Every structure is written in C-alpha cells, then in structure tokens.
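Q: So for the sequence shown, my numbering puts the first residue at 64; every next one is plus one.
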Amino acid sequence: MMTMPTERSMPSTIDPPTTGGRLVSTDGRALPLCRTNLRVAARGGIARVVLEQVFANPHDEPLTVDYKVPLPSDGAVSGFSFAIDGVVTVGRVESKQRAREQFERAIIAGHTAALVEQDRSSLFTQQVGNIPPGARIVCRLIVDQKLRWLEEGRWEWRFPTVVAPRYL
C-alpha cells in the first residue's frame, strides 16, 4: 500500500447532484459516479475482468469513503489499485489484520490509502481514506473468473452489477 499526503480543511455541507452510483463518505456525503468501465478478455474458459469506477470529490475537505462492490462468487480478485489525479497506488495482498493496521496508520498520518475486504463470496467492500478536496479517484479491481460451458458448445459469462438492499 502506497500513500500520499493530503491537507485538511473545513467541511462542506452541500452534496452535488448524482445520476447513478455513489461513493458515500463515512459521514454520509456523496461523491458522484462520473463513469464506470467494465472490460473483459476471455480465453480458454477464463475471463479477466477489469472493473473501473471514476468518482470525484467536490467537497472542500478530504473524505474517507466506503462502497460495496458486487463481484462474481466464482471469481477471484487478482489485483486492485486506485488513482488520484493520475497518481496510481497499487494494492498488495496482506492478512486482514495487517492490511487493516497499515490502512489505519496511513489514514491517521493524513495519507491517502485504500483497503479492499471480502464480506461474502460475492460482495466486497473497498474503503478509501483521505481523498483530497477536488480530486478525481479511479478505483480499479481485477477479477479472474471461470466461464461456464453450455451444452450448445458456447461459453457463458455473467457479472453482477448491483448489490441487494439487504447487504447495505
């Protein structure tokens, strides 16, 4: 986990309008979803999926945000990264406890950091802390997933796009 320093300023109380997904700060303020890209490359019964979501922080202070990410239960997260204003931070796999400790130390020190944790077989939570004011953030998850072979001699690929309300 790499980190970047940020500065703190006074809170903003106005949420911008949004027309889709939202990344929500721990105090309930929204970061509007600017766009989502889902790229898939399939070969030999395996699909590599890159889910990329772009959000913007229109507030006057750094925010810490959480969001739920539905992923296929038969998939495996093989990478994640986030970029803030073009600076890319690549995640690495650690034990849950060690990853949480590193994330919290970075946040307390005022750095930007991210953490991805599995909640269920098909639901993950990504937490990004200290997103700078006015920044654009690109969250990217890479998932490897087995394709399903159909009797008609074709492959089938399915990818979830929503989180059921009972999980929120």
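Don't be surprised by glycine CBs; every beta carbon is placed ideally from N, CA and C. Just so it is clear, the structure is predicted and the values come from calculations on it, not from any experiment.
#1: Under the three-state reduction of DSSP, which class applies to residue 71: helix, strand or coil?
#2: Return the chain-ordered list of same chain residues with a C-beta closer than 7 Å to the C-beta of residue 209, the five sequence neighbours on each side being excluded.
#3: Excluding the five sequence neighbours on either side, which residues of its own chain have a C-beta within less than 6 Å of the C-beta of residue 117, listed in chain order?
#4: Taking only the alpha-carbon atoms, compute the straight-line gap between residue 170 and residue 104 and give it to the nearest angstrom.
#5: Relative to the alpha-carbon of residue 135, which residue among 225, 155, 168 and 185 has its alpha-carbon at the smallest distance?
#6: Tell me the rounded alpha-carbon separation between residue 120 and residue 213.
#7: Report buried or exposed for residue 101, applying the criterion of at least 16 other Cβ atoms within 10 angstroms of its Cβ.
A: On the basis of the supplied data:
#1: Taking the first residue of the sequence shown as 1, we reach residue 71 at position 8. Any answer about residue 71 is weak, because its pLDDT of 32 lies below 50 and its placement is not dependable; what the coordinates show is given next. Note: residue 71 maps to coil in three-state DSSP.
#2: Within the sequence shown, numbered from 1, the residue matching residue 209 stands at position 146. So the qualifying residues of the chain are 108, 109 and 137.
#3: As a working mapping, residue 117 is identified with position 54 in the sequence shown. Excluding positions up to five away in sequence, the list reads 97, 98 and 201.
#4: The residue labelled residue 170 in the question sits at position 107 within the sequence shown. The residue labelled residue 104 in the question sits at position 41 within the sequence shown. Answer to the nearest angstrom: the Cα atoms are 35 Å apart.
#5: Start at 1 with the first residue of the sequence shown, and residue 135 comes out as number 72. Comparing Cα-Cα distances from residue 135 to each of 225, 155, 168 and 185, the minimum goes to 185.
#6: For this step, residue 120 is matched to residue 57 along the sequence shown. For this step, residue 213 is matched to residue 150 along the sequence shown. So the two alpha carbons sit approximately 44 Å from each other.
#7: Counting from one through the sequence shown, the residue named residue 101 turns up at place 38. That one is exposed.
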